Structure formats: C-alpha cells, structure tokens
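Residue numbers (full-length UniProt numbering): 1 to 642. Below: one structure, written as structure tokens.
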C-alpha cells in the first residue's frame, strides 16, 4: 500500500505525458485523477495504521548507491510525520487534479498539464517518504523541476517563462546550501541515513568541524546549511522573491505549490531533522529570527497588493514564517499542525481565487472587481470560510494551529521567541486586514468591472466547486479534529519518535500554561484587523487613498516589496549580465573566435584578396612577373654557387 501510494501518481504522469496525445485529454484527466484519488484513499488508511495505530515501518525498494563506506537504499520510511504529510500532499493534490478538469477545460495542452501535476505530486511524495538525505535531495530536486514546468506552463508568455527561470535559479541557491549540509552531515556522521544520524546525534553534540579554516560547532554548521535549503524551498526572507512571481502559472499550480507541496518541503525537512536542530541553540535562534522576519515582511507587503493571487501568495509566505519560528522555539509539532491546517484553507483560497478569475473573464486585479457576490454565492461563502481560517478566527482551523504557535513562542522564554510572539501578533492583525480587504474589494461594494465583464459573471461548474467544498471541510474542522493529537498534552503519544524535543526546550508543553491575555491577544488583533478593513473599504473608502498619498514613501516601499527585486537586480543580475556580455564579446568573440576558426578564415580571406589583385589578365603583367622570377632564381643560384 505504501509503495502504491507513492508510485501511482508517477504512473499517472507517465501515462498522461507519454500517451496523452493518443488517448486524448479526457482520458488523461480520468487516469491522473483516478490514480491520485486512489493514492489519497490509501494515504488515509496509512495514516490510520501508522499515526493512530503506531505501526511505523520502512519499505526497502532496492539498493541504490554503494561507494566505499557509503551505502544508500531506495526506501520508503513511514512514521507519524510522514503519514501526516501523505495526507496533506495526496488529499490536496487530488482536489487540485479534479478542480483542474474544469479550470483548464479550454487549454490546448490539458494532457501535459495533468502529467506535470502528477509528476509534482510524486516528487513530493518521494521527498516526504525518504529515509536518507540523498533520497530526500532527489525528491527535493524533482519538486524543483516540476515547479519549473508548471510555473512556465504557458511558456508563450514571456512573464511566465521569466517566473519559471527565476524560481529555478533562486531555488538553486538554497539547494546549494542544502547539498553542502548533506556533505557536512556525512562528514560528521559517516552516513546519510536518518536512523544512523539520529542515533549518533547525542554523541556528536559537542563535536567541532573545520569550516573555512575555523573550528565551528559541527551540528550548528550542518543545521544552518540545511536551513539555507529550507529557506529557498519555503521562500523565507532573502530567498522569497520567486514565490510571488510563481503566480504566472495556472491557478491550480499556485494552489499545489503554496498549499501542499513545494513550499512545505523546507518545513518538513527541518522538522524531520529535529534530532539535529535540538542540539544547536544557535541554529534554532536563527530559524526563529528568519521565520518571524518573514512573517511580518510578507504581511506588510500583502496589505497593498492588488492582484488577487499575489495577495494570497504573500499570505503563504507569511504563514511559512509562522511555521519556521515555531520550529525555532522547538514547537515542531505546532509547525506541522499549522502546515496541515494551512494546506486546506490556503488551497481553498487559491482555488476560490481561480473560481473568481474564471467568473470575471480572467480578470485578477481586485480594483476592477466588486459587487459580484450575488452571482457567485458558493464561491463567496467558501472564500469567507478560507479567510476566517487564515485570520485565525475561532473556531476555524487556523485558530487552533496559529494560536498554538504564538503561545509556544511566548512560552519559550527566550528573547527570539518573545520577539517572534509580538511580530506574529502584528502579522496576525495585518493578515486579517488584507484578507478582508481582498473579500470586500472582490465581492462587495459597487461593481468596478466594465459592463461586458459583469454581464458574463457566473458561478463555476460543479467539477470546480466540489473540490472547494472538500477543502472547506478541512478549513472548518481540521484544527478542531487534530488539536489534541498534534499539540495536546499527550502529543508525544501521537508523534512518538518521528519528532524529537529535548527536555531543554519544553515550549510546546509550556504553551498550555501561558497567561490568558497571551492566548487571547491573537484573536483580539485579528478581529481588530477585520474591523479596520471595514472602516477603510466600507465606511470610509477615501481613507486608504488619503493615507497612501500622505505616506507615499511607505506605500511605494511596500508596493515594491521592500525593493528586494531591485536590490538583487543591482547586486547580482546586472553584474552577471555585464560579465556574461564581456566574456561573450571580449573572450568568445575577440579572443577565441578572433584567434581560432574565425581568425584563420579572415586571414585566408585577406591573403586571397591580395593574391587575386595580381591576376590582372594582361599578358605583359605575367611576362614581367616571369622575368622577375627568373632574375630572382639566377641571383639565388649565383650566390649559392660561390
């Protein structure tokens, strides 16, 4: 069952990708959707057996690598952490596959799209079931390749191609750090297998390693390098710039990348490596600071974005920040809990946004929407459910998971944790504000679209709404259903050995005993954010414009995403282009081509032209040349005869 759960999506990808032209679009959709649904059903059975029944197991498929002392098997490791990820990945991916049947119905390359979706899902499943770092890296890179294909699916659009390249390149930066981290772990432990690494971690807690000629705490260096990989894949501050541009892909791609697959890979990887991170307070502090900074950065930018998908994209970036600072205070369970609840309500929001775009004749600017809720009542209700869960309003899914993270940050009693709590509460206020800004501008008020667009506003077909209803169920009940098992007092009975938290970091346990105001504040700020959105966009609609004009510099700073793209363009892109152009013109053109084949050809051409001038066609010229030759020959003979 475990093997089938992982490999059925690959089978769907192969069938649709290689034979899609012959079997047709509808058959490709049926094959990929059926196999994904079957995988999702089996993932549920695995969850019941492994997570609830405690029957963790590792399935060895084949011996993969044997080189010297290094031996790596191709294995599928399924413990509670993996079982949770199998649920998240397969259930959300199955919903996206079915939704795509309606959303992509008019696309000329449906079979190719369905193949890429299934390939993406397989790569993520391979990542979360790996039992060693090398196999995880295979899935890690597979997710990167699939994301490149999906983000640039409409490759005829220059913006889509550019976004795909950007995602690929930025992730290579993070992946370089991840690869170095794998090398470091192997040097330190002599193995890349998780069981061997985790068993030896306590004995290596004080080990040092030479890095750039300096002795460093070995586990800290390994953890920081691994975290660089997580920063790239999970779009943390500094390596986040690819994520908003990924919106150039079709909306189902956005839902799959942001909710269940690519961006959660970094969170999963760090949680999987908890037995290492627990022995490095420095690494945990770095993770906390970066996560909290990402949460507040993305929340501020989300407040001023006007593309409906970009608003939700920055929301994803912010929520990933929550997950990471939860990991930083050793509340790994809370991070995975939020990953699970977030997968449902974020997929709901993205697919709901796709339903709006579908209804609005491909319009994505929320400033050109408004007044459509009566025409798309089901989508409207579902978007409200997703937004309530995202804002953390009781008793929706996000309320249970996000509040637990904030309480754990406070209960960590560290400077970084306390700072993360306050930044997280501020981000919660901004999250509620921009979520209701999106709702009010999209669905309420007067229509701002032209009459032609408004005349064609319509509800999405059932094939798109049914997946939304399924995801809405998760947004409503996943938090309530999972709270006690995931982060309750006896959560260790659920997680068992899949997550390690040492006695020195009891923040999650302490989270259940924080002061009342600490637990209540996130809800208060969320409600305040909603109230501010109503003030700005219902009761005093001129106020946002007045504020933007008054604080033009701040507004432009946020609108331009803190100028990260411009900074990277100045620091890296333009110098790289300048260097490339110089090597091309000076090195390749002038030196290599000048001296090489082009130079020889040019010299031959010049010599030939000069020789050709001697061929005048006049007899006396040739006779004169012959006399000169005879004179030269006689002169040479006379001098040599002596």
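Glycine included, C-beta positions come from ideal geometry on N, C-alpha and C. Please read all numbers here as calculations on a predicted model, not as lab measurements.
Excluding its 5 nearest sequence neighbours in each direction, residue 438 has C-beta neighbours in its own chain below 7 Å: 308, 311 and 366, listed in chain order.
Below 8 Å, too few C-beta pairs join the segment 337-352 and the segment 413-421 to call them touching: fewer than three.
Looking only at 327, 203 and 60, the smallest Cα-Cα distance to residue 227 is reached by 327. Rounded to the nearest angstrom, the Cβ distance from residue 333 to residue 499 is 6 Å, consistent with a contact under 8 Å. For residue 238, DSSP records no beta bridge to any residue.
Within the segment 246-328, the complete alpha helix (DSSP H) runs of at least 4 residues fall at 251-255, 262-272, 274-277, 281-302 and 308-328.
The segment 291-298 makes no contact with the segment 368-383: fewer than 3 CB pairs, one atom from each, lie closer than 8 Å. Each of 199, 261 and 270 was checked against the Cα of residue 316, and the nearest Cα belongs to 261. For residue 475 against residue 389, the beta-carbon gap comes to about 4 Å, under 8 Å, which counts as contact. Taking a cut-off of 8 Å for Cβ pairs, the segment 96-103 and the segment 26-38 touch, as three or more such pairs fall below it.
Per DSSP, the beta-bridge partners of residue 365 are 307.
Residue environment for residue 236: buried (at least 16 other C-beta atoms within 10 angstroms of its C-beta). One alpha carbon belongs to residue 569, the other to residue 583, and they sit about 19 Å apart. Distance from the CA of residue 80 to the CA of residue 538, rounded to the nearest whole angstrom, comes to 46 Å.
Uninterrupted alpha helix (DSSP H) stretches at least 4 residues long and entirely within the segment 75-118 occur at 80-103, given in chain order.
Under the Cβ criterion (8 Å, minimum of three pairs), the segment 116-134 counts as touching the segment 2-20.
Note on residue 360: 16 or more other CB atoms within 10 angstroms of its CB, so buried under the neighbour-count rule. By the C-beta density criterion, residue 152 is buried, having at least 16 other C-beta atoms within 10 angstroms. The continuous stretches of alpha helix (DSSP H) do not include residue 502, and DSSP gives it neither H nor E. DSSP assignment within the segment 453-532 yields the following whole alpha helix (DSSP H) runs of 4 residues or more, N-terminal first: 462-487, 491-495 and 507-510.
The segment 213-225 and the segment 165-181 touch, with no fewer than 3 CB-CB distances between them shorter than 8 Å. Put simply, the backbone Cα of residue 463 is about 49 Å away from that of residue 503. Of 232, 103, 398 and 46, the smallest CA-CA separation from residue 250 is found for 103. For residue 171, the enclosing alpha helix (DSSP H) stretches over residues 158-189. In the displayed model, residue 564 falls within a helix according to three-state DSSP. Distances from the CA of residue 62 to each of 130, 55, 497 and 263 were compared; the closest alpha carbon is that of 130. If you check the CB distance, residue 320 and residue 291 come in under 9 Å. Per DSSP, residue 55 lies in no alpha helix (DSSP H) segment and is marked neither H nor E. Contact between the segment 524-538 and the segment 428-438 is present, with at least three C-beta pairs closer than 8 Å.
The Cβ-Cβ distance between residue 209 and residue 221 falls below 9 Å. When C-alpha distances from residue 305 are compared across 435, 52 and 461, the shortest belongs to 435.
As computed with DSSP, residue 66 is found in a beta bridge with 71. The beta-carbon separation of residue 84 and residue 323, rounded to 13 Å, does not stay under the 8 Å limit for a contact.
Within the same chain, and ignoring the five residues on either side of residue 69 in sequence, the residues whose Cβ sits closer than 7 Å to its Cβ are 190. In the structure shown, residue 338 adopts helical secondary structure according to DSSP, grouped into three states. For the options 555, 288 and 528, the alpha carbon positioned closest to that of residue 433 is the one of 528.
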